[in-house]
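Below is one structure; the comments refer to it alone.
There are 2 protein chains.
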Amino acid sequence: MTPNQITLDHGAGGQASHELVHDLFLKRLNNKFLRQMDDSAVVDLTGGRFAVTTDSYVVDPIFFPGGNIGSLAVHGTINDLCMQGAVPLYLTLGLILEEGLPMEDLIRIMDSVSEAAQEAGVKVVAGDTKVVPKGKMDKVFINTAGIGSIPEGVEVGSHNGRPGDLVLINGDIGDHGIAVLSSREGLDFQTGLKSDSAPLNGLVSAVLAAGSRVHVLRDPTRGGVATALNEIAGQSKVGIHLFEEALPISKPVMAASELLGLDPLYLANEGKCLIAVDPKAADAVLKVMRRHRYGRKAEIIGQVTEQNPGRVLLKTRVGGTRILSMLTGDQLPRIC
Amino acid sequence: MTPNQITLDHGAGGQASHELVHDLFLKRLNNKFLRQMDDSAVVDLTGGRFAVTTDSYVVDPIFFPGGNIGSLAVHGTINDLCMQGAVPLYLTLGLILEEGLPMEDLIRIMDSVSEAAQEAGVKVVAGDTKVVPKGKMDKVFINTAGIGSIPEGVEVGSHNGRPGDLVLINGDIGDHGIAVLSSREGLDFQTGLKSDSAPLNGLVSAVLAAGSRVHVLRDPTRGGVATALNEIAGQSKVGIHLFEEALPISKPVMAASELLGLDPLYLANEGKCLIAVDPKAADAVLKVMRRHRYGRKAEIIGQVTEQNPGRVLLKTRVGGTRILSMLTGDQLPRIC
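Heads up: the protein sequence lines correspond to chains L and U, in order. The first sequence begins at 1 in the working numbering and counts up by one. The second sequence begins at 1001 in the working numbering and counts up by one.
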């Protein structure tokens, strides 16, 4: 019998922990690795290059339009692996739960973890659950670490942007930030706006298969497009020009940003990918992206330059230019 | 200039996050993988079997006699890998910090992470930092995930205990549990008792090198020796007899346990390893353990039996026998 709340016993490593793992987790994440139920999973890897990453998720609220902390944790870590051109293989899942969390919330979250992992074709191979006394944390925090294999010949990275490269994005900017913020604050923009949280491994595979001229992949999560482009500019020692008029931003995000005094270029995204590609291959890549379900609204939004290394410049609609710095300060805490 | 407290900006993914990573983390965990500063680290792995694990640490207090949450997080995950016979290679480090955490606390924790990783010969290859508004969590939570390579021919696991095997432990039971509890509650037993938190990869390598007759390795952390032995008994479908008189327990732990009404067999350990080994090899393994700095007080404490599969029986000092069940309920929340 499953109790209707998380208790400290669920994190104590004894009988209740075992029942939780068996009845709730194994059922949803059933695979031969987890079934070992040992301290670690044993996995086989062929030799080669692998991407390894970790991310913790503390999003508030834990349920938001378009997803929840469980799907977000899976998508986010999968996307970090993709950004190295890696094929995501295995995830670990570390849950920190507040005593008293409704069991139905945990079930919804684990259902989403399971669905997200299945969609992306990754396996959750190891997990851990800790429970913290009521009031000593806020509901649920999740850590996901991940391993992916990097196919031979793939060389992408934030250091690899080259002057002349065109910069593409796979769709609207800022949806995640506004969706989470509006549901947190109880704002209702009556727009049906949802988080863009999504696994990008399929899209990235398609893009990489389209040719070897993709130089940079980067997901503009915390800190948004502006911060991610600054990182690329810094690590690649290049400048980046961004074309304001080309930026895909939905009307609801534009309206909400104006209302709240936020800049969409600094809003978090959880299903977006910035791509720098040789200009000769850009049209082909754009076509591939637009054919994919997570790339329908893909656009060319900028270009890498030799001038202004380390800087990102926004060419505004009215013909001016302004420097887009990295995010300073925190627009929105607990956005992911 | 480093501010003297953690602010929300440190978790926002912008300028302050970058400075924290560069000035505090990279300095202490400097390696070529982290220096890439990309979404994921890229590591080379030769083909074969690998152990993968994850653990979150929510210990209260974050500093305790014999260690802190940083060293504990490194040791705990290293030990989980060891328990598969794996050689720990890479760790990821996910920090969740409360706004207002004194910077000097974070520095002490990161110093310990660095020292612990160096002692064990592992590299922290990827990290993530989130900051949660003050009051929404308690100081510091850490997740460490890890990857280790399993040498060819090594086959250990909790499912692999065989009737006749002798059960060994590398030293005193319950030190971590009592050390953390007494420092949390401000109890002062005037004993100088310290947590046993330690990396066991050196000890395990030495034991495995001593022969191929080691069948089970298991660290008795949350839930203690009694719970770990129950897991072995269940997974191996064997019984285990434990000899009460042979159990190494220090006088301070014995005294504190009596005072507090706790059973040392259910107290958490963070530098202990249960080993089930063919009786013919037990003496040789015991000798190897006692030569190692983390095995000086090693003892043979029990035997695997065909009878009573799934059960752990304690042969008491006075000649009686009682069933040792798995931990039910939580003796001590936030012990790791």
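No residue lacks a Cβ here, since even glycine has one placed at the ideal position from N, Cα and C.
Hey, how far is the Cα of residue 145(L) from the Cα of residue 318(L)?
Residue 145(L) and residue 318(L) have their C-alpha atoms roughly 44 Å apart.
Using only alpha-carbon positions, find the residue among 1052(U), 1021(U), 1167(U), 1026(U) that is nearest to residue 125(L).
The candidate whose alpha carbon is nearest that of residue 125(L) is 1052(U).
### Task
Count the CB pairs spanning the region 1131 to 1138 of chain U and the region 1252 to 1262 of chain U that are closer than 8 Å, and state whether there are at least three.
The region 1131 to 1138 of chain U, when compared against the region 1252 to 1262 of chain U, does not touch it at the 8 Å Cβ threshold.
Check your understanding: Straight-line CA distance for residue 240(L) to residue 178(L)?
Key -> Whole-angstrom Cα-Cα distance: 26 Å.
So who's on the other strand from residue 42(L), going by DSSP bridges? In the DSSP output, where bridge partners are listed per residue, residue 42(L) has 1051(U).
Exercise. Mark residue 1187(U) as exposed unless 16 or more other C-beta atoms lie within 10 angstroms of its C-beta, in which case mark it buried.
Key: It is exposed - the Cβ of residue 1187(U) has fewer than 16 other Cβ atoms within 10 Å.
Can you tell me whether residue 1007(U) is helix, strand or coil according to DSSP? Coil.
- Message: For the region 148 to 181 of chain L, list every residue whose C-beta sits within 7 Å of some C-beta in chain U, in sequence order.
- Response: Taking 7 Å as the cut-off between beta carbons, the residues of the region 148 to 181 of chain L near chain U are 150, 157, 158, in sequence order.
query: In terms of residue numbering, what span does the beta strand (DSSP E) encompassing residue 314(L) cover?
result: It spans 312 to 315 - the beta strand (DSSP E) in which residue 314(L) sits, taken as one unbroken run.
Count the other CB atoms within 10 Å of the CB of residue 252(L); is the residue buried (16 or more) or exposed (fewer)?
-> Buried.
*asked:* Run through the DSSP bridge pairs and tell me what residue 149(L) is partnered with.
replied: Bridge partners of residue 149(L) according to DSSP: 50(L), 87(L).
Could you please give the first and the last residue of the uninterrupted alpha helix (DSSP H) stretch that includes residue 1299(U)?
Taken as a continuous stretch (DSSP letters only), residue 1299(U) belongs to no alpha helix (DSSP H), being part of the beta strand (DSSP E) at 1299 to 1305.
- Is the region 1223 to 1241 of chain U touching the region 1193 to 1210 of chain U, taking contact as three or more C-beta pairs under 8 Å? The region 1223 to 1241 of chain U vs the region 1193 to 1210 of chain U: no contact.
Query raised in the report: Between residue 114(L) and chain U, is there a C-beta pair that is closer than 8 Å?
Result: Interface residue (Cβ-Cβ distance to chain U less than 8 Å): residue 114(L) is not classified as such.
**Request:** Starting from residue 1128(U), follow the beta strand (DSSP E) in both directions and report where the run begins and ends.
**Result:** Its beta strand (DSSP E) spans residues 1123 to 1132.
* Asked: Hey, out of 1265(U), 1117(U), 1171(U), whose CA is closest to residue 1293(U)'s CA?
  -> Of the candidates 1265(U), 1117(U), 1171(U), the one whose C-alpha sits nearest the C-alpha of residue 1293(U) is 1171(U).
Beta carbon proximity, residue 1027(U) to chain L, threshold 8 Å: Answer no: the Cβ-Cβ gap between residue 1027(U) and chain L never drops below 8 Å.
> Grouping DSSP H, G and I as helix and E and B as strand, with all else coil, what is residue 144(L)?
Replying inline: Under the three-state reduction of DSSP output, residue 144(L) falls in the strand class.
ask   = Counting Cβ pairs closer than 8 Å, one from the region 1106 to 1120 of chain U and one from the region 23 to 42 of chain L, do we hit at least three?
value = Taking 8 Å as the limit for Cβ pairs, the verdict is that the region 23 to 42 of chain L does not touch the region 1106 to 1120 of chain U.
Could you give the first and the last residue of the continuous beta strand (DSSP E) run that contains residue 239(L)?
It spans 239 to 243 - the beta strand (DSSP E) in which residue 239(L) sits, taken as one unbroken run.
Margin query: At the 8 Å Cβ level, is residue 103(L) part of the contact set with chain U, yes or no?
Written below: The beta carbon of residue 103(L) sits no closer than 8 Å to any beta carbon of chain U.
Item to complete: Buried or exposed for residue 1218(U), please, with buried defined as at least 16 other CB atoms from any protein chain shown within 10 angstroms of its CB.
Response: Burial check for residue 1218(U): the Cβ neighbour count within 10 Å reaches 16 or more, so the residue is buried.
inquiry  = So residue 1100(U) contacts chain L; which residues on that side make the cut at Cβ distance below 8 Å?
reply    = Under the 8 Å cutoff, chain L gives no residues; its nearest Cβ is about 13 Å from residue 1100(U).
Which of the three DSSP states is assigned to residue 222(L) in this structure? Coil, per DSSP.
(request) Name, going along the chain, the residues of the region 47 to 69 of chain L whose beta-carbon falls closer than 9 Å to a beta-carbon of chain U. (result) Those would be 47, 48, 49, 50, 51, 52, 53, 54, 55, 56, 57, 58, 60, in chain order.
Original post:
With 16 as the cutoff for other CB atoms within 10 Å, does residue 1(L) come out buried or exposed?
Top reply: With a pLDDT of only 49 at residue 1(L), under the threshold of 50, the placement of this residue in the model should not be trusted; the figure read from the coordinates follows. When all chains shown are included, residue 1(L) counts as exposed.
### Task
With a 10 Å radius around its C-beta and 16 neighbouring C-beta atoms as the bar for buried, classify residue 1004(U) as buried or exposed.
Answer is exposed; the Cβ neighbour count stays below 16.
(request) Throw me the rounded Cβ distance for the residue 1286(U) and residue 1173(U) pair, which I believe falls under 8 Å. (result) Wrong, their Cβ atoms sit about 17 Å apart, outside the cutoff.
*Mind checking if residue 1198(U) is an interface residue toward chain L, Cβ cutoff 8 Å exclusive?*
No, because no Cβ of chain L sits closer than 8 Å to the Cβ of residue 1198(U).
Given residue 86(L) as reference, the closest of 143(L), 328(L), 321(L), 77(L) once Cα atoms are compared | The option with the nearest alpha carbon to residue 86(L) is 77(L).
How about residue 1271(U) and residue 1197(U): are their beta carbons less than 8 Å apart?
Note that the C-beta distance between residue 1271(U) and residue 1197(U) is below 8 Å.
Check: Does DSSP put residue 94(L) in a helix, in a strand, or in coil?
Finding: Of the three classes helix, strand and coil, the one that applies to residue 94(L) here is strand, per DSSP.
Residue 1117(U): which of 1011(U), 1075(U), 1153(U), 1103(U) sits nearest, CA to CA?
Among 1011(U), 1075(U), 1153(U), 1103(U), the Cα nearest to that of residue 1117(U) is on 1075(U).
For a cutoff of 8 Å on Cβ pairs, would you count residue 109(L) as touching chain U? Against chain U, the CB of residue 109(L) has no partner CB under 8 Å away; the residue lies outside that interface.
Select from 26(L), 165(L), 120(L), 204(L) the residue whose C-alpha is nearest the C-alpha of residue 84(L). When each option's Cα is compared against that of residue 84(L), the closest is 204(L).
Go to residue 1321(U), then tell me how far its beta strand (DSSP E) extends in each direction, as first and last residue. Start and end: 1321 to 1323.
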